[in-house]
Amino acid sequence: MNTQTTSTIAPAVEIQGLSKEFAGHLAVQPLDLTIGDNEFFSILGPSGCGKTTLMRMITGFEAPSSGRVLLGGADVTAVPTRNRDLNMLFQSYALFPHLTVFENVAFELRVRRVAKDEANRRTREALELVRLGHLGDRKPDQLSGGQRQRVALARAVVSRPKVVLLDEPLGALDQQLRKEMQYELKRMQREVGITFIYVTHDQEEALTMSDRIAVMSEGVVQQVAGPEDIYNRPETRFVAGFIGSCNLLDTTVPEGAAGDEVEVVVDGAGTVRGVLGETVTSERPGTLLVRPERIEVRPDAPGAAGIAGVVETLTFLGEEWHLHLLVGGLTVKASLSSLAKERDLPGLSMGDTLRLSWRPQDARIVIR
Ligand SMILES: Nc1ncnc2c1ncn2[C@@H]1O[C@H](COP(=O)(O)OP(=O)(O)O)[C@@H](O)[C@H]1O
Ligand SMILES: [Mg+2]
1 MNTQTTSTIA PAVEIQGLSK EFAGHLAVQP LDLTIGDNEF FSILGPSGCG
51 KTTLMRMITG FEAPSSGRVL LGGADVTAVP TRNRDLNMLF QSYALFPHLT
101 VFENVAFELR VRRVAKDEAN RRTREALELV RLGHLGDRKP DQLSGGQRQR
151 VALARAVVSR PKVVLLDEPL GALDQQLRKE MQYELKRMQR EVGITFIYVT
201 HDQEEALTMS DRIAVMSEGV VQQVAGPEDI YNRPETRFVA GFIGSCNLLD
251 TTVPEGAAGD EVEVVVDGAG TVRGVLGETV TSERPGTLLV RPERIEVRPD
301 APGAAGIAGV VETLTFLGEE WHLHLLVGGL TVKASLSSLA KERDLPGLSM
351 GDTLRLSWRP QDARIVIR
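The opening position of the sequence shown corresponds to residue 1 in full-length UniProt numbering, with each subsequent residue numbered one higher.
Structure representation (structure tokens):
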């Protein structure tokens, strides 16, 4: 080992060529991931894409078909779960009904043979962290769903493992409570400085909380990046379509196209500008990705820039308006803040013709 560069801390989790096959079906295709120390890392994807299977391989509940798992630089692939420096929190967590809140959390430390005074101190700390310090004497059935979930969280972090894995932990909570818990979880993770690996199928949840997100589809990690890059610079059709609302317009990448801005013909709509995604080579079927809120709509005027679109539908959502516009043979979605609508297009109605344009950097061209 190189002792001159010991300032480099080993990443919390390294996944190398990890895959899982169930009866001839690859639930997780061989993948590599590195998750940093103290990182809030989310795995986002639709139901059945392999998220839980991946988590179970990291925890050791599931043996991989290939590959390795490293924790803090050490290969733990063959190490049983109880000897891995991690803890898990699942959607269907179970508290002991006959134990108090305090005892439920302290139990985790008893199992690990932490001395009683130390265990009590750490349990109090963990309950403060989840803001349940005042409810330590209650039994689980005297708590709300959100409070029970906090107890489970306190239990997951009380032993201060290196990594906590959370598999759709907010799935059972109602929308309002979910929102609150999202901020709480993020705050908590910052306070304790533990690496969180967070599984969700909810894009908003992932965008709100994560330092980085891995987007998964059918056992394959499609993109790993921070929330803004995932949203603004999707690298695949899947990522663009799964996260937020996006126009996916078929195009052909022209021969010799490279680098920054290119002009492409969107089949049925006309010539537009965009930037090429990293993996695009020329002369291939491509998809131009542009978010509805990145499209500027202006009144149609002689010589106006952009492509013409006819308003098909016009929907008021409070803070914004959603428009469907017929462009050639295609329907393009655009959105408009209520302010912009009132100011720039006060009399807008269905059947009106508008001009659509966007900054080239807001339209990405990826492989179809
Ligand atoms: N124990 C198992 N035996 C056979 N197939 C499984 C098993 N666990 C998961 N699968 C399959 O693997 C795929 C991924 O499942 P899972 O990891 O649970 O997805 P997710 O958590 O993203 O919803 C699914 O097709 C699922 O049916
Ligand atoms: Mg799952």
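Glycine included, C-beta positions come from ideal geometry on N, C-alpha and C.
- With contact defined as three or more Cβ pairs closer than 8 angstroms, the segment 210–220 and the segment 27–44 are in contact.
- About 16 angstroms separates the Cβ atoms of Phe96 and Asn87, ruling out a contact at the 8 angstroms cut-off.
- In summary, Gly268 is exposed, with fewer than 16 beta-carbon neighbours lying within 10 Å of its beta-carbon over all protein chains present.
- For Leu207, the closest C-alpha among the options Val224, Val157 and Phe22 is that of Val224.
- Secondary structure note for Asp32: its beta strand (DSSP E) is the uninterrupted segment His25 to Ile35.
- Val28 has its CB nearer than 8 angstroms to a heavy atom of ligand 1.
- Exclusion of the five residues before and after Val275 leaves Asp260, Glu261, Val262, Pro360, Gln361, Ala363, Arg364 and Ile365 as the residues of its chain whose Cβ lies within less than 8 angstroms of its Cβ.
- The count of Cβ pairs closer than 8 angstroms, one atom from the segment 65–76 and one from the segment 146–153, stays below three, leaving the stretches out of contact.
- Bounds of any alpha helix (DSSP H) do not take in Arg291, whose DSSP letter is neither H nor E.
- Rounded to whole angstroms, the Cβ separation of Met57 and Leu18 is 6 angstroms, and the two are in contact under 8 angstroms.
- Residue side-chain check: Glu168 places its Cβ nearer than 8 angstroms to a non-hydrogen atom of ligand 2.
- Going by C-alpha positions, Ala305 is about 22 angstroms away from Cys246.
- The secondary-structure analysis by DSSP pairs Gln16 across a beta bridge with Arg68.
- Excluding the 5 residues flanking it on each side, Gln29 has same chain C-beta neighbours closer than 7 angstroms at Ser19, Gly219 and Val220, in chain order.
- The three-state reading of DSSP puts Ser349 in coil, since its state is none of H, G, I, E or B.
- If you keep only unbroken alpha helix (DSSP H) runs of at least 4 residues inside the segment 298–361, you get 338–344.
- Minimum Cα-Cα distance from Gly329 among the listed residues Asp250, Arg160 and Ser66 corresponds to Asp250.
- Shortest Cα-Cα distance from Glu205 to any of Glu184, Glu191, Arg82 and Ser66 involves Glu184.
- Annotated three-state conformation of Ile230 is helix, per DSSP.
- CA-CA distance, Phe107 to Val114, rounds to 10 angstroms.
- The shortest C-alpha to C-alpha distance from Arg298 to any of Ser338, Val266, Ala12 and Asp344 is the one to Asp344.
- Check the Cα spacing between Gln91 and each of Ile307, Thr200 and Gly309: the tightest is with Thr200.
- Contact between Gly309 and Leu354 holds, since their C-beta atoms are separated by about 6 angstroms, short of 8 angstroms.
- The alpha helix (DSSP H) runs of length 4 or more contained entirely in the segment 205–250 are, from start to end of the chain, 227–232 and 237–242.
- Nearest to Glu62 by alpha-carbon distance, out of Thr271, Pro80 and Arg155, is Pro80.
- When DSSP states are grouped into helix, strand and coil, Ala74 belongs to the strand group.
- Within its own chain, the residues whose Cβ lies closer than 6 angstroms to the Cβ of Gln16, once the five positions on either side in sequence are excluded, are Asp32, Gly67 and Arg68, listed in chain order.
- Taking the Cα of Val157 as reference, the smallest distance to any Cα among Glu319, His134, Leu173 and Ile197 is reached at Ile197.
- Ligand 2 approaches Thr52 closely enough that one of its heavy atoms is under 8 angstroms from the residue's Cβ.
- At a cut-off of 8 angstroms, the beta-carbon of Ser42 does not count as near ligand 2: no heavy atom of the ligand is closer than that.
- If only complete runs of 4 or more residues are kept, the segment 115–149 shows the alpha helix (DSSP H) at 116–129, in order along the chain.
- Bridge pairing for Leu177: absent [DSSP].
- Judged by their CB atoms, Ala126 and Arg155 are nearer to each other than the 9 angstroms cut-off.
- In this structure Met181 does not touch Val130 by the C-beta definition: roughly 10 angstroms separates them, more than the 8 angstroms allowed.
- Taking 9 angstroms as the cut-off, the beta carbon of Leu99 is found closer than this to the beta carbon of Lys139.
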